[in-house]
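Notes to accompany the following structure.
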Amino acid sequence: MRTAPICVLTLAALLAGPDGARAADPLESATAPKSATAAKSTMPRLVQKDGRYALLVDGAPFLLLGAQVNNSSAWPAVLPEVWPAIKALHANTVEMPVYWEQFEPRPGAFDYSVVDTLVGQSRKNGVRLVLLWFATWKNNGPAYVPLWLKQDPQRFARMLTADGRPLGSISPFSTEMLEADKHAFAALMRHLKKTDPQHTVILVQVENESGTWGAVRDYSPAALKAFDAPVPAPILTAMGKKPANVAWKEAFGKDADEFFHAWAVARYVGEVAAAGKAEYPLPLYANAALRDPLAPGPTVNWESGGPTDDVLPIWKAAAPALDLLAPDIYMDDYAKVDKVMELYRRPDNPLFIPEISNAPAYARFFFLALGHQALGFSPFGVDFTKYVNFPLGAKKMNEEALAPFALDYQLVGPMMRELARLGFEGKVHGVAEKKGTPAQSLEIGGWKVDVRYGLPQFGFGEKPPGNPEPVGGAFVAQLADDQFLVAGFHCRLDFQTSAAAPKKQRDYVRVEEGTYENGKFKFRRLWNGDQTDWGLNFTSDPVVLRVTLGTY
Ligand code: DGJ
19 MRTAPICVLT LAALLAGPDG ARAADPLESA TAPKSATAAK STMPRLVQKD
69 GRYALLVDGA PFLLLGAQVN NSSAWPAVLP EVWPAIKALH ANTVEMPVYW
119 EQFEPRPGAF DYSVVDTLVG QSRKNGVRLV LLWFATWKNN GPAYVPLWLK
169 QDPQRFARML TADGRPLGSI SPFSTEMLEA DKHAFAALMR HLKKTDPQHT
219 VILVQVENES GTWGAVRDYS PAALKAFDAP VPAPILTAMG KKPANVAWKE
269 AFGKDADEFF HAWAVARYVG EVAAAGKAEY PLPLYANAAL RDPLAPGPTV
319 NWESGGPTDD VLPIWKAAAP ALDLLAPDIY MDDYAKVDKV MELYRRPDNP
369 LFIPEISNAP AYARFFFLAL GHQALGFSPF GVDFTKYVNF PLGAKKMNEE
419 ALAPFALDYQ LVGPMMRELA RLGFEGKVHG VAEKKGTPAQ SLEIGGWKVD
469 VRYGLPQFGF GEKPPGNPEP VGGAFVAQLA DDQFLVAGFH CRLDFQTSAA
519 APKKQRDYVR VEEGTYENGK FKFRRLWNGD QTDWGLNFTS DPVVLRVTLG
569 TY
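If you use our numbering, the sequence shown closes out at 570, no skipped numbers anywhere.
So this is what it looks like as structure tokens:
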């Protein structure tokens, strides 16, 4: 099995892409590539440095400002209802499924017409594309498996419960299904390699929220045999156990069923990923239906076997062809969202959020994601087909509903390369408003940044009330010891000297409002007087400040 192409960063490795092209050095410059030729020949890839990651697109760090369409919207006839929403959102990337049932209507006969349309129209609309391989698993079930396979009971093997009842999920021990899935996914990746030299497609998701609802593990004959066999050594090591010749129950006790199923599903998805990667080594990932990160309760509460936070090391060990494991976030609770981001941002796993609810309150979590050095962020259900997944997402989907997310993307879109580079260097901090907590603070270098929500712009207003709804958020990116890029919505930020310099006062030496163009900050005006006396107030206007500080 091939391993994931995440590499520990050296300058030389960065400069020479895997396809031999000389890429721009993201440490030197985060601007777009200098020539179209370089853009054409540079593979998207992940690089790692000091436990932090960047997604290189056209040879430089890229912040994926995404939008995922509804499940049934990646059909050519529906795309006219997709593009206006993508445009309204100011997204730079769209995420769209490829349906196995459409892609392989007869065994071995592949229909590339839809995927070609998705790639071609993404290119025409000036956005990058993430393809989602809807195959053996789409949220637990095999709904997208081609009919000819569904009608073949020999190959279409479902999981069994302990008392022999068939379940919605396919058995991860079904080798014939696995072979069929690998074969089709390899064909997709081979086709992309041939037809996408521009690298419009920058990432591919393998399956969708794989795992099982309704049982913790499989009891098919093959599964029963594997459960009593020794746990593979890499799994024991990944879970902090000493190598030993022990079966699952003995090794993991009450967690054995879930860990066993996670290993079985991860191995299957990992093999599909490896088959695709052998054809075309784009970065690949698997997404997770999350468990409650603070109070998970028993395993029946979540989709067992998927890459939930408790089994990430198992997935890493069993599916090395996957470059990252990604959380789908549908929980409007600051503490939980923050925890999820913390759990999925690991030295061995970059944070990427392929789905987040499109309900307006989630737009503020974009800033939290920036602070957690996310490679990308993508509200789900972005198209104007009139389907809404309320109460998970917004009640209505139109430009107005998208506006809070659109503001986020409008704000950072022109400087996404800079932010991606600064994030890679560990210089970006983010906050989002937490209901009932109207004040937060950040410690950055020798500075303390107070963030307050709900204050009028003029005057001290000692006690911030918080916004009527928690809509505030901001990021602070350090450019130099005493210089920061600052932007956000519905909040006030104020810099203070830190506890280490109690006798010094902060001085706003220069507060410049401007925009980023072609990697350069373009000055518009200075903020001074009322605009700085009470702190730096952010409203619903997408405003970027470059703040230079001093002390007296
Ligand atoms: C998460 C899944 O990954 C999506 O495909 C979709 O089904 C949403 N849940 C619900 O709309």
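Every residue gets a Cβ at the ideal spot worked out from N, C-alpha and C, and that includes glycine. No experiment lies behind these values; they were computed from the predicted model shown.
### Query
Can the beta-carbon of Tyr471 be found less than 8 Å from the beta-carbon of Glu451?
yes
### Query
Distance, Cα to Cα, Val133 vs Phe398?
20 Å
### Three-state secondary structure assigned by DSSP to Leu425
helix
### Message
Does Glu297 come out as helix, strand or coil in the three-state DSSP assignment?
### Response
helix
### Message
Given this structure, state the Cα-to-Cα distance separating Leu302 from Trp552, to the nearest angstrom.
### Response
47 Å
### Query
What did DSSP end up calling Tyr405 once you bin it into helix, strand or coil?
coil
#### Entry: Contact test: Leu437 Cβ vs the ligand SAM heavy atom, cutoff 7 Å
Looking for the ligand SAM in the displayed structure turns up nothing; the ligands present are the ligand DGJ.
### Query
Mapping DSSP to helix, strand and coil, what is Ala450?
strand
### Query
Smallest Cα separation from Asp574: which of Pro331, Phe80, Asn226?
Any answer about residue 574 is impossible in this case: the structure gives the chain only from 19 up to 570.
#### Entry: Residue burial classification, Ser558 (beta-carbon count within 10 angstroms, cutoff 16)
exposed
### Task
To the nearest angstrom, report how far apart Lys211 and Pro483 are at their CA atoms.
54 Å
### Query
From Asp548 to Val529, what does the alpha carbon distance come to, in whole angstroms?
12 Å
### Beta-bridge pairing of Phe513 - partner residues as DSSP gives them
Val467
### Query
Taking the alpha carbon of Leu147 as the point to measure from, which residue in Asp328, Leu221, Arg124 has its own alpha carbon closest?
Leu221
### Task
Run the proximity test for Leu410: is its beta-carbon closer than 7 Å to any non-hydrogen atom belonging to the ligand DGJ?
yes
### Query
Which ranges would you report for the alpha helix (DSSP H) in the segment 312-380 if only whole runs of at least 4 residues count?
330-336, 352-362
### Message
Just verifying my parser: in three-state terms, what is the DSSP assignment at Asp525?
### Response
strand
### Query
With distances taken between CB atoms, is the gap from Leu83 to Gly431 smaller than 8 Å?
yes
### Task
Within its chain, find whatever has a CB closer than 6 Å to the CB of Asp236; leave out the 5 residues flanking it on each side and keep chain order.
Met177, Ser189
### Query
Short check: CB of Ala233 to CB of Thr154, under 8 Å?
no
### Task
Return helix, strand or coil for Glu535, following the three-state DSSP convention.
strand
### Task
Could you tell me if Gly491 is buried or exposed, where buried requires 16 or more neighbouring beta carbons within 10 angstroms of its beta carbon?
buried
### Message
So for Trp266, helix, strand or coil by DSSP?
### Response
helix
### Task
Report whether the distance from the Cβ of Asp346 to the nearest heavy atom of the ligand DGJ is below 7 Å.
yes
### Query
What is the rounded straight-line gap between the Cα of Pro560 and the Cα of Val527?
22 Å
#### Entry: For Arg285, the nearest candidate out of Thr193, Leu308, Tyr362, Gly271 (CA to CA)
Thr193
### Query
Can you name, in chain order, every residue of its own chain whose Cβ lies under 7 Å from the Cβ of Pro345, other than the five neighbours on each side?
Ala306, Leu308, Val358, Tyr362, Ile371
### Task
From the DSSP output, in three-state form, read off Trp552 for me.
coil
### Query
Is Met114 near Leu150, with beta carbons less than 8 Å apart?
yes
### Query
Would you say the beta carbon of Asp416 comes nearer than 7 Å to a heavy atom of the ligand DGJ?
The residue you asked about is not Asp; residue 416 is Asn in the sequence shown. Outside the cutoff, so no.
### Query
Quick one: Cα of Thr230 to Cα of Val163, how far?
16 Å
### Task
Using the DSSP secondary-structure output, state which residues sit across from Leu563 in a beta bridge.
Val504, Glu531
### Task
Report the rounded CA-to-CA distance for Trp166 versus Gln223, giving the unit in angstroms.
24 Å
### Message
At a cut-off of 7 Å, would you count Phe398 as near the ligand DGJ, judging by its Cβ distance to the nearest heavy atom?
### Response
yes
### Task
Whole angstroms is fine: what's the gap from Leu97's alpha carbon to Glu268's?
52 Å
### Task
In the DSSP assignment, find the unbroken beta strand (DSSP E) run with Gly394 in it and report its ends.
394-397
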